[in-house]
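Peer 1:
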């Protein structure tokens, strides 16, 4: 007599086995994505350091072996600096060269200061003085760039303010005509016309308070970002200098 075969029961979608497998796959995917991000940051950080301060590379190698946590922090900051300067090169090329030169000098100053904590030789002190002189010259260039930018912006604001004060009624009429043109374009395109209050808000006729030539860099948020980009950036590999 042949033994009776029992049917094999497939695990249902809600069974603990299936749930566990799905969770494991999700965890593995997340870990893989995090690992890829870390690898990309490390590659960007090392490329940036090699191009702008090669002496940091041996220090990164030491940190990777001795303190993985500090190594991740260092490559993360270097990667962010790399991205920041890449963005600056595209948006504010006039600021890019001096800002990058400032970063290079800041990084060298901090590395030299770290060495001086173990070696107070006159030669290192003289090297530090020389680097500080170079950094001051770059800082002057940064301030001159900012002065020129703000001077241009102030001239634009003064011109616009003068036009408004000279004939406020004419400015109101220009804004009124802008709204009318917008309404006619919407009507001819077949789009539903918004309520008058919404249309006025959408067209922002109060643009009379802002020069037409003013760009994104003149907005408060962008000015803050630009100021941050122009600020000295420390090297994440060595400790900051005391203020």
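In our numbering, the protein residues as written are 71 to 313. All residues carry an ideal CB built from backbone N, CA and C; glycine is no exception.
Assuming residue 125 is part of the alpha helix (DSSP H), what are its boundary residues?
Peer 2: From DSSP, residue 125 is part of no alpha helix (DSSP H); its letter is neither H nor E.
Peer 1: When the Cα atoms are used, what is the spatial distance from residue 162 to residue 221?
Peer 2: Taking the straight line joining both Cα atoms gives about 17 Å.
Peer 1: Just to check my reading of the structure: residue 188 and residue 148 have Cβ atoms closer than 8 Å, yes? What is that Cβ distance to the nearest angstrom?
Peer 2: Going by Cβ atoms, the distance from residue 188 to residue 148 rounds to 24 Å, so no, they are not a contact pair.
Peer 1: Can you list, in chain order, the residues of its chain whose CB lies under 6 Å from that of residue 122, leaving out five sequence neighbours each side?
Peer 2: Hits under 6 Å: 174.
Peer 1: Report the rounded CA-to-CA distance for residue 179 versus residue 207, giving the unit in angstroms.
Peer 2: Computed Cα separation, rounded: 14 Å.
Peer 1: For residue 161, which of helix, strand or coil comes out of DSSP?
Peer 2: Reduced to three states, the DSSP call for residue 161 is helix.
Peer 1: Tell me whether residue 232 sits in a helix, a strand or coil according to DSSP, three-state version.
Peer 2: In the structure shown, residue 232 sits in a helix (DSSP, three-state: H, G or I).
Peer 1: Tell me, to the nearest whole angstrom, how far the beta carbon of residue 201 is from that of residue 182; I am working on the premise that it is less than 8 Å.
Peer 2: The Cβ separation is near 7 Å, so the contact holds.
Peer 1: Taking the C-alpha atoms as reference points, what is the distance between residue 176 and residue 195?
Peer 2: Going by the C-alpha atoms only, they are around 16 Å apart.
Peer 1: Please list the terminal residues of the continuous alpha helix (DSSP H) segment that includes residue 257.
Peer 2: Unbroken alpha helix (DSSP H) run through residue 257: 238 to 259.
Peer 1: Which of the three DSSP states is assigned to residue 117 in this structure?
Peer 2: Helix.
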